[in-house]
């Protein structure tokens, strides 16, 4: 109800503030009998963690996950899985006027109007730091999905106006921006550094592709597969849009061009639809792209107001990502995994 | 769970197939004491109904709504509101090979793989006809929101590549494509007719704008206001993407250009964010755009397969919209109203 | 949220007031492929309908159910099932002081305080008449469960202090009080008539027994099988208590007497537990009993107050059951079926 | 879905096994602005903790709670509250045949059939130890309710056949059985010790009373206040029945005797109903009683089977409560508080 849970059967509930003692998640509905590789969960967290490269925030967090329940001798038991990640580099410091000033582009003003109280330290609950809990849970979802042959890969399609044209997923973890096209890596890094130098930030596009989803996943009407994926991905801070298959480009086509003709063996001549029709998977590759805005936290001076309504100048110093895209890649994969794990289980009730 | 419900407190559950006896909806969670204007509900349905103009399907349905409960002497009582809309023009006819053939661009194949059984008459549950139930419920949501000063308006921003540049909501109901810019109406109609002539279809973009939402609506983390709106709108058949504020255009800006500076009196210098930051409303106008694909049902012959896996040719004759955009306008308004009505009630638990 | 839905996967949402145009239900989550016998649904409604015998209300309702969706050629399609039952004998009449007076033992005062508005005609939504929608849905649940060999039978164990000692379910539909012990039928009828003669009412106990449930149904912790059955049964108007197995009698035993020893072949030496341990079914017969209070609507004059707070005298004339037990039997079966159908589907996600 | 969550708006999700590293809970939906007294939460946990007296298990756990989120400078912020309680006395030991044997009266067999895997150490998730998480959350609910004047008190009404006749809540924490009638304390203690001496256990009845709930709380139809309280209380291990007001005794009364006449000033002449009519609170004291079975874990030898289906003898040595009632008192209060906190928030959407 208050929006800290996601999913119906495979369902996560998270907690944690940027500068509180810990973040955490409970995953309910993980089927019994799944082998849990803790190293894999940690590796996924490492892909997301701050301080991993020169193009992301310098906050230093080990993001060490501890599993507190639901796993016995390395196997899930069917009971809820509790996981906690301690904050270790929250740095008690003087927050100066951040305690009383609304950062432009942030949720600060909304929280203040909604709750009348605000944990201003590092953005509190609205910090991107909460996605660590999502990634830990998403790793468990990936372990479950892997057994059914579902593979999820995201990559930095575009950063600061530089857009890749090839998709080779083997490349993604070989470069610090997580591009799937090695030809654009240097340009992407340069554009980030150029912005950083002037205390500014850049945006980009993350593309995600999923193979191995059989036809028929998703729930007709309100919980269409693309609708729930959109919900999942748009629930990440900094995402301003999402499109499936050809997306916004499809609106300028005619039906005869845009329809994907079926051919024998349950296949399609094309995949303009991005693997989803009428809200159900078609068995073709699922493809979507998310628009990532330029980071709102910038060191350059900006105009804003304080909680008394006075106009003030603000420079958000501290440790921020000059571009959210590289660390957003594993986070979007995690949200996708959570949606698909849930849909896999929902599918079990489709037939008698 | 099976996805025929939407919303948490203000929550709808719908039923109905294209060619079954009736469609309907139960709205649970409507607060007591709201005046229900049945004429308004009917008027909203009339904006969506087939046969309303020369650029939409010729299926002729009165879409007469009957309220069966929850309203006493014109006022809501707090109990669940049941509404039914009878199908009157479902035309018992020979479905020919539609019973065994998967229409390209449709949910047919997915339904077959999901359930192993399919009501093929007019698409059954996957027909856009189910949105009538959404519009009836959305009208009740609008009546509730109107009391708080919330105003929701959508319009045809783009059809078949023709894009409007002005937004005057007074114009929308004066033209059959529901454009807000009168200068592009004729071109939009022409582009639809040109496609129709060659048994083809066109797509477009619907934009929706909401005023009167106070700052703080939406739920942090998973149920961000934009995430839930994306879920709502993407759950409509034919929508391939959604973007908020500047959306995909924002990814090529720098943070300093994209941030909306705050100024005294709880206002903003610009509205790149589209009225939502960190998933919470900011008090500024909420703006989003949805990509509507060209209608999949076209009379031109297409390649596809049947349920035995044989390659077949298919021409989808019948009564189809050559462009979904004009009738999508009230439907997107309805989904937006349902989300906001729910968020208005969820907001009531935010503070002690 | 507002409590007109029940169940998680196999989930019903109902609407309808006693004197409104109709009652209805949407069942979401019914798996595809189940044969729907409409005659069986109607027969279940006939077991609940008013006017069926001399020991129940004389209101005359055919309670004819119409299926509006979700069933195609007699088979469920996996989409939501809408059903409507028209009210035909709601008798427009003068409600006299019932419109402004709170009937003792009824929800009238609570509704007034909760909503500030009240459909006073026949109790509105709080009328037992709403259970018709539950019975229609429960019949669908029974059809689903029958395929897995689950059998649900309730009976009038006690009425007006007369308690049966034998349980023969073949007897239940052969007598108007629905006793499973033919030896007590006459006494039960007499005790009801004696109360009726002095414009009074009697209570009783309904017992329900379920066979064919495999071990392991129910969800540990909050959704234990007995907890959800208690929720379901206690949600019926007039139920004041529920006990499982030996229930309240068990509290005076020692652990060594109360534990049911297991014996090979997954069986138990005794069944004090009533077929549920730790919230999960054991495979033994599920047994519970519900306390049914004497009907609150009585023609005898009672003290009460009106909405202005004035003391008034009230005689509730009209058409009331002198004892709720006989018609409660099929209603409790319906609620039990709804719980078990849901648990059957939830069980599908227990293992990988 | 998998039943580790409870509540709709004020909603808890718990995790943790008896012998795992920790138990925990996330409370979502706590309104912002509530003062959190950590000492009070700890004091509630101390009322439930093992090892507190000579009539309960000797397992020694400090049950120290750590708040990880959602509270800033002692005040709730509206974000989810994470709390963890470490297990400190889980004693790594040889479980002998407990690993492969089903304890009579326990969930062991059900878990095995449900999941095919089982954390047998101390009952794993099915251990009563999970209620620590409920009590921690219930304490937060009590802090919220206290601000509205709602007071919840439970007591040991009956133990081993000894039943109190007076209710003085000041007495409850003055004796180790938590009786509200000081005259029966010694007899209750004696009956427990007598059972303990012969390696057996006794049952009892917990009564709970709530004052300060205004008329109108609860949701008509499926989420009646008594239905949800029954769900909450029956979800505790060892509860076999629940009754409200006069409960099972009411079934032998006539309507004229059982109805509570209203008198001016929104009051009632009697309270047979236990403060709830038609599922809504009436403003009168809410009263219910729960049947607590004799502890299933007893040291005396019992017949059972192992996972291979072989008949075996079992003595459950270890640290068990000879009577669950004294520690059940704060747990039932906690579940009651959780229900009422949720209903208080649900009530906020009842009117426009």
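Protein chains in written order, with the numbering used here: chain Z, 1073 to 1424; chain V, 1073 to 1424; chain Y, 1073 to 1424; chain H, 1073 to 1424.
Just so you know, even glycine gets a beta-carbon here, dropped at the ideal spot from N, CA and C.
Quick caveat, the model's predicted, so the values are computed rather than measured.
*Return the first residue and the last residue of the alpha helix (DSSP H) that residue 1268 of chain V is part of.*
Within the second chain, the letter at position 196 stands for residue 1268 of chain V. Element bounds for residue 1268 of chain V: 1257 to 1269.
*Euclidean distance between Cα positions of residue 1103 of chain H and residue 1218 of chain V*: As a working mapping, residue 1103 of chain H is identified with position 31 in the fourth chain. As a working mapping, residue 1218 of chain V is identified with position 146 in the second chain. Rounded to the nearest angstrom, the two C-alpha atoms are 26 Å apart.
_Cβ neighbours of residue 1161 of chain V in the same chain (closer than 7 Å, five flanking residues each side left out)_ = The count along the second chain starts at 1 and reaches residue 1161 of chain V at position 89. These residues qualify, in order along the chain: 1131, 1132, 1133.
*Among the residues of its own chain, which have a CB less than 6 Å from the CB of residue 1119 of chain Z, if the five just before and after it don't count?*
Within the first chain, the letter at position 47 stands for residue 1119 of chain Z. 1402, listed in sequence order.
*Should residue 1267 of chain Z and residue 1338 of chain Z be called a contact, given that it needs their Cβ atoms to be closer than 8 Å?*
Working through the first chain from its first residue, we reach residue 1267 of chain Z at position 195. Working through the first chain from its first residue, we reach residue 1338 of chain Z at position 266. Not in contact: residue 1267 of chain Z and residue 1338 of chain Z (Cβ atoms no closer than 8 Å).
*Can you tell me which of H:1415, H:1368, H:1405 puts its alpha carbon nearest to the alpha carbon of residue 1392 of chain H?*
Here residue 1392 of chain H refers to the residue found at position 320 when the fourth chain is read from its first residue. Nearest C-alpha to residue 1392 of chain H: H:1368.
_Please classify residue 1237 of chain Y as buried or exposed, where buried requires at least 16 other C-beta atoms within 10 Å of its C-beta._
Position 165 of the third chain, counted from the start, is the residue given in the question as residue 1237 of chain Y. Flag for residue 1237 of chain Y reads exposed.
*Proximal residues, the segment 1397 to 1422 of chain Z versus chain Y, C-beta separation under 7 Å*: 1417, 1420, 1421, 1422
*Output the distance between the C-alpha atoms of residue 1191 of chain H and residue 1145 of chain Z, rounded to the nearest integer angstrom.*
Reading the fourth chain from its first residue, position 119 is the one you call residue 1191 of chain H. Reading the first chain from its first residue, position 73 is the one you call residue 1145 of chain Z. C-alpha separation (whole angstroms): 9 Å.
*DSSP beta-bridge partners for residue 1352 of chain H?*
Taking the fourth chain and counting its residues from 1, the one referred to as residue 1352 of chain H is at position 280. In the DSSP output, where bridge partners are listed per residue, residue 1352 of chain H has H:1349.
*With a 10 Å radius around its C-beta and 16 neighbouring C-beta atoms as the bar for buried, classify residue 1409 of chain Z as buried or exposed.*
Along the first chain, read from residue 1 onward, the residue named residue 1409 of chain Z stands at position 337. Its Cβ being crowded by 16 or more others within 10 Å, residue 1409 of chain Z is buried.
*Using a Cβ-Cβ distance under 8 Å, would residue 1029 of chain H count as near chain Y?*
In the structure displayed, chain H extends from 1073 to 1424; residue 1029 of chain H sits before or after that span and is not available.
_Between residue 1119 of chain V and the ligand HEM, is there a pair consisting of the residue's CB and a ligand heavy atom that are separated by less than 7 Å?_
By its list of ligands, the structure shown contains no ligand whatsoever, and the ligand HEM lies outside what it can speak to.
_Beta-carbon separation (whole angstroms), residue 1366 of chain Z vs residue 1275 of chain Z, contact threshold 8 Å_ = Here the question's residue 1366 of chain Z lines up with position 294 in the first chain. Here the question's residue 1275 of chain Z lines up with position 203 in the first chain. Right, their Cβ atoms sit about 4 Å apart.
*Where do the ends of the alpha helix (DSSP H) carrying residue 1113 of chain Y lie?*
Numbered from 1 along the third chain, position 41 holds the residue referred to as residue 1113 of chain Y. From DSSP, the alpha helix (DSSP H) with residue 1113 of chain Y extends over 1110 to 1120.
*Separation of residue 1375 of chain H from residue 1178 of chain Y, as counted between CA atoms*: The sequence position of residue 1178 of chain Y within the third chain is 106, counting from 1. The sequence position of residue 1375 of chain H within the fourth chain is 303, counting from 1. So the two alpha carbons sit approximately 49 Å from each other.
*DSSP state of residue 1124 of chain V, grouped into three classes?*
Within the second chain, numbered from 1, the residue matching residue 1124 of chain V stands at position 52. Residue 1124 of chain V falls in the coil class under three-state DSSP.
*Using a Cβ-Cβ cut-off of 8 Å, state whether residue 1354 of chain V counts as contacting chain H.*
Residue mapping note: residue 1354 of chain V aligns to position 282 of the second chain, counting from 1. Cβ-Cβ to chain H under 8 Å: no for residue 1354 of chain V.
*asked:* Under 8 Å, Cβ to Cβ, is there at least one residue of chain V near residue 1429 of chain H?
replied: The first residue shown for chain H is 1073 and the last is 1424, placing residue 1429 of chain H beyond what the model contains.
*Straight-line Cα distance separating residue 1270 of chain Y from residue 1232 of chain H*: Residue 1232 of chain H sits at position 160 when you count from the first residue of the fourth chain. Residue 1270 of chain Y sits at position 198 when you count from the first residue of the third chain. Distance between the alpha carbons of residue 1232 of chain H and residue 1270 of chain Y is about 42 Å.
*According to a CB-to-CB cut-off of less than 9 Å, which residues of the segment 1367 to 1382 of chain H neighbour chain Y?*
1367, 1368, 1369, 1370, 1372, 1374, 1375, 1376, 1377, 1381, 1382
*Pull out every residue of the segment 1140 to 1151 of chain Z whose Cβ sits closer than 9 Å to any Cβ of chain Y, in chain order.*
1148, 1150, 1151
*Which value, in whole angstroms, describes the spacing of the CA atoms of residue 1099 of chain Y and residue 1214 of chain Y?*
For the purposes of this step, residue 1099 of chain Y is taken as residue 27 along the third chain, with counting starting at 1. For the purposes of this step, residue 1214 of chain Y is taken as residue 142 along the third chain, with counting starting at 1. Spanning the two alpha carbons is a distance of roughly 13 Å.
*Applying a beta-carbon distance threshold of less than 8 Å, which residues of chain Z neighbour residue 1219 of chain Y?*
If you number the third chain from 1, residue 1219 of chain Y lands on position 147. Correct list: 1424.
*Just curious, the alpha helix (DSSP H) that residue 1206 of chain V is in, first and last residue?*
Along the second chain, read from residue 1 onward, the residue named residue 1206 of chain V stands at position 134. Note, residue 1206 of chain V: alpha helix (DSSP H), 1203 to 1218.
*What residues in the segment 1113 to 1133 of chain H bring their beta carbon closer than 8 Å to a beta carbon of chain V?*
none
_Host alpha helix (DSSP H) of residue 1186 of chain H (start-end)_ = Sequence index remark: in the fourth chain, residue 1186 of chain H carries index 114 (1-based). First-last of the alpha helix (DSSP H) with residue 1186 of chain H: 1180 to 1187.
*Could you spell out where the alpha helix (DSSP H) holding residue 1415 of chain Z opens and where it closes?*
The residue you call residue 1415 of chain Z lines up with position 343 of the first chain. Start and end: 1397 to 1418.
*Starting from the Cα of residue 1324 of chain Y, find the closest Cα among H:1198, H:1340, H:1397 and give me that residue.*
Counted from its first residue, the third chain places residue 1324 of chain Y at position 252. Taking only the C-alpha atoms, the option nearest residue 1324 of chain Y is H:1397.
*Span of the alpha helix (DSSP H) holding residue 1440 of chain Y?*
This structure gives no information on residue 1440 of chain Y, because the portion of chain Y shown stretches from 1073 to 1424.
*chain Y contacts made by the segment 1276 to 1293 of chain Z, where a contact means CB separation under 9 Å*: 1292, 1293
_On the criterion of 16 or more Cβ atoms from any shown chain inside 10 Å, does residue 1226 of chain V qualify as buried, or is it exposed?_
Here residue 1226 of chain V is taken as the residue at index 154 of the second chain, counted from 1. Under this definition residue 1226 of chain V is a buried residue.
*With distances taken from CA atoms, which of Y:1136, Y:1124, Y:1152 is nearest residue 1422 of chain Z?*
The count along the first chain starts at 1 and reaches residue 1422 of chain Z at position 350. Nearest C-alpha to residue 1422 of chain Z: Y:1152.
*Short check: CB of residue 1297 of chain V to CB of residue 1351 of chain V, under 8 Å?*
Looking up residue 1297 of chain V in the second chain gives position 225. Looking up residue 1351 of chain V in the second chain gives position 279. A contact, by the Cβ cut-off of 8 Å.
_Just list the residues that DSSP pairs residue 1227 of chain H with in beta bridges._
In the fourth chain, counting from the first residue as 1, residue 1227 of chain H sits at position 155. The partner list for residue 1227 of chain H (beta bridge, DSSP) reads H:1279.
*Taking Cβ-Cβ distances shorter than 8 Å, what residues in chain H pair up with residue 1318 of chain Y?*
Numbered from 1 along the third chain, position 246 holds the residue referred to as residue 1318 of chain Y. Result: 1312.
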